[in-house]
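Numbering (the working numbering), first residue to last: 93 to 720. For each residue, glycine too, the CB sits at the ideal point set by N, CA and C.
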Amino acid sequence: MGKFTKDATELLKLVGGKENIQAVSHCVTRMRFVLVDPSKADVNKIEDLPSTKGTFTQSGQFQVIIGNEVQEYYNEFTKISGIEGVSKEEVKQNAKSQQNVIQKMMSAMGEIFAPIIPALIVGGLILGFRNVIDSMAIVENGTKTLCEVSQFWAGVDQFLWLIGEAVFHFLPVGIVWSITKKMCTTQILGIILGITLVSPQLLNAYAVASTAPADIPVWDFGFATVKMIGYQAQVIPAMLAGFALVYLEKFFRKISPSYISMITVPFFSLLLAVTLAHTVLGPIGWVVGDWISNIVWAGLNSSVKWLFAAVFGFAYAPLVITELHHMTNAIDTQLISSFGGTNLWPMIALSNIAQGSAVLAMIILQKKNEKAQQLSIPACISCYLGVTEPAMFGVNIKYGFPFICAMIGSAFAAMFSVSTGVTAVSIGVGGLPGILSIFPQYMIQFAIAMVIAIVIPFVLTYVMGKKKLTDVDLYGKQNKNGLLEFVSPVEGKVMELSEVKDKVFSQGIMGNGFAVELTSGTVRAPFSGEVTVAFPTGHAIGMKRADGLEVLIHIGMDTVELNGKGFSLKVKQGDYVNAGDVLVEVDLDYIKSEGKSLVSPVVFPNGQAVSLNVQGNIKTGQDVVAIA
């Protein structure tokens, strides 16, 4: 049986069974389902599964957060279900049947920019690093930059621009390629079209403003001239050109006879797309891009810029939910192209930080809730590094108030950022590392804005959490009397600890607990935590979880005398194990043949009050006692 066999089997049932699954795939951390009837998914029970770290629905997909082991989980799920997994593209196509027109448009925008984001991140980090070495006076008493005093760093600066230029100046190539990829047309044609927008033959877009109209080169066709202007870093012209190519190719593929389509389709599609790009679409896109960037820039630099910032800072996180946030990538890039920097991106980075800070407060509040910690800690780290989805969907939106607290903190941080003129030289670096993308003269102001984005959400979430979170939220699963539940690590007949013949256990000298007369030789971890005791003989295992709860599992009576025979120990002291992991395998027949009792005490050395929940037989993983 595989590591995730039990959970994967349960998940199949809880999503409504095989017949309710239209498509399934996975990404880096999540299982992605398109369900025939989403209402059949039992969200509460799914989130109670040991391996599940949260759920959410987005863009017609029901997503189950598993973590870094999702590939192994997915393999187990497809084996159990008998469902052949499909590609993420197929899942997206199936999900679209459950989307409205606006959701489809935003999903399309997201799919265009998503493949480009890794490049933007790399480019942003590189420009941020160059920002540090060639623009910040950090040597010789703050009078010179590293590049000014070191030929090595000057060389590094020049070399890194090779990558930075490729990412940002030649961004239209990536955009057009991504559009053709998303629309399932010929990607190499998209790449070629993108190159024609940024060719060295053309006047660089950054030089247009400083070039006299009479000096702008043109293609002279006798009856007409066309300006030879490049579209470096331009987003809107690239998008218009990309979609033109896509629809031209689809048109010519439809009308061309199959025996000549290999020649006619690419030739006419590319020729017409390039012509339209430089005569109609490019100039229109340039105007539209300037129009959009000017409006945003005016809002960010007006007398009411604080209000603009407050609205954007407050609303950005909800935009992520609706996928409308992908539009900001285009606007940011256009602002950098038009004005040499952007006030928008710093607010996005601050929103990331604010969401992470709300999760940080939840980590403190739920420090005794092991399951919550397993999700919240990695989600917080991810959020501070610029990836907000696990934090937002797995924690903040789940409880509601942390999400609002983060939005409030983000609004105040954005107001301060815009009011003090904070400007980023590039995009792509979110969260705490976002400070690297800020112009040196604004780094102190941005650092203060970061403090605001940390403190306000944290304090608000902590204060509200004290009032709103229940004991179940704070401490984990509880019974109807408010006591913590503990699952059995073994299978067999359960009994009161007082029934054990060994007085050390029956009189509670080792602590309170219960006992089980074993019917199965598999002993599993009752929770995730550290193995604190692992006798070489295998007869006793001790564990401790994050909230301090300790347990000692003693397998049989006087079994230490067997010197390890009949025991196969699977762990060692100091190991960290997950709930349900096998701790030891026991040969019950051998134990009985040696005249040893199979009655196995499970005790809590710290003296917690224990109340037995069940009588008779119990299975591994079943609630067995309530702990005060």
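Which of helix, strand or coil DSSP assigns to residue i
{"i": "S518", "result": "coil"}
{"i": "T712", "result": "coil"}
{"i": "K459", "result": "coil"}
{"i": "Q114", "result": "strand"}
{"i": "D594", "result": "coil"}
{"i": "D99", "result": "helix"}
{"i": "M556", "result": "helix"}
{"i": "T721", "result": "With the chain represented from 93 up to 720, any question about residue 721 goes unanswered, as that position is not in the structure."}
{"i": "L285", "result": "helix"}
{"i": "V659", "result": "Checking the sequence, you will find Phe at residue 659 rather than Val. Reduced to three states, the DSSP call for F659 is strand."}
{"i": "A50", "result": "The requested residue 50 does not occur in the structure, where the chain is confined to residues 93 to 720."}
{"i": "V702", "result": "strand"}
{"i": "T562", "result": "coil"}
{"i": "G108", "result": "coil"}
{"i": "K664", "result": "coil"}
{"i": "L641", "result": "coil"}
{"i": "N573", "result": "Here N573 scores only 48 on pLDDT, less than 50, and its place in the model should not be relied on; the value that follows carries that caveat. If DSSP states are grouped into helix, strand and coil, N573 belongs with coil."}
{"i": "W253", "result": "helix"}
{"i": "L212", "result": "helix"}
{"i": "L427", "result": "helix"}
{"i": "L141", "result": "coil"}
{"i": "L294", "result": "coil"}
{"i": "I175", "result": "coil"}
{"i": "A506", "result": "helix"}
C-beta atoms of residue i and residue j nearer than 8 Å
{"i": "L661", "j": "V676", "result": "yes"}
{"i": "A336", "j": "A369", "result": "yes"}
{"i": "M542", "j": "I445", "result": "yes"}
{"i": "I530", "j": "P438", "result": "yes"}
{"i": "Y408", "j": "S443", "result": "yes"}
{"i": "A441", "j": "G526", "result": "yes"}
{"i": "G630", "j": "G648", "result": "no"}
{"i": "V318", "j": "T371", "result": "yes"}
{"i": "L281", "j": "E341", "result": "yes"}
{"i": "V135", "j": "Q114", "result": "no"}
{"i": "V231", "j": "M275", "result": "no"}
{"i": "W245", "j": "I225", "result": "yes"}
{"i": "D637", "j": "E462", "result": "Sequence check: residue 637 is Arg here, not Asp. Yes, they are a contact pair."}
Sheet register partners of residue i (DSSP bridge)
{"i": "G146", "result": "I157"}
{"i": "T420", "result": "In DSSP, T420 forms no bridge with anything."}
{"i": "A632", "result": "H646"}
{"i": "W588", "result": "The sequence given here places Glu at residue 588; Trp does not occur at that position. Bridge partners of E588: F606."}
{"i": "G621", "result": "V669"}
{"i": "M123", "result": "H118 and V156"}
{"i": "R616", "result": "V674"}
{"i": "F578", "result": "V717"}
{"i": "I530", "result": "A516"}
{"i": "V310", "result": "K319"}
{"i": "A626", "result": "I633"}
{"i": "V236", "result": "Looking at the sequence shown, residue 236 is not Val but Lys. K236 is bridged to V231."}
Cβ-heavy atom distance, residue i to the ligand HEM, below 7 Å
{"i": "M331", "result": "As far as ligands go, the structure on display features none, and thus does not contain the ligand HEM."}
**Asked** Which full runs of the alpha helix (DSSP H) of 4+ residues lie inside the stretch 327-393, going along the chain?
**Response** 328-347, 353-368 and 374-392
**Message:** My parser needs the alpha helix (DSSP H) runs of 4 or more residues fully inside the stretch 675-700; what are they?
**Reply:** 680-685
**Item:** Touch test, the stretch 487-504 against the stretch 448-457, Cβ-Cβ under 8 Å, three pairs minimum
**Value:** yes
**Message:** Would the stretch 687-700 count as touching the stretch 659-674 if we require 3 or more Cβ pairs under 8 Å?
**Reply:** no
**Asked** Is there contact between the stretch 511-519 and the stretch 205-216, where contact requires at least three CB pairs shorter than 8 Å?
**Response** yes
**Prompt:** Below 8 Å, can you find three or more Cβ-Cβ pairs linking the stretch 323-342 to the stretch 251-270?
**Reply:** yes
**Asked** Should the stretch 677-689 be regarded as contacting the stretch 602-617, the criterion being three or more beta carbon pairs within less than 8 Å?
**Response** yes
**Message:** Which runs of the beta strand (DSSP E) at least 3 residues long sit entirely within the stretch 435-479? Give them in chain order.
**Reply:** none
**Asked** Should the stretch 386-405 be called in touch with the stretch 506-514, which here means at least 3 C-beta pairs below 8 Å?
**Response** yes
**Asked** With contact counted as at least three CB pairs below 8 Å, one residue from each stretch, are the stretch 704-712 and the stretch 575-594 in contact?
**Response** yes
**Request:** Would you check if the stretch 484-491 and the stretch 583-600 touch, i.e. whether three or more CB-CB distances between them fall below 8 Å?
**Result:** no
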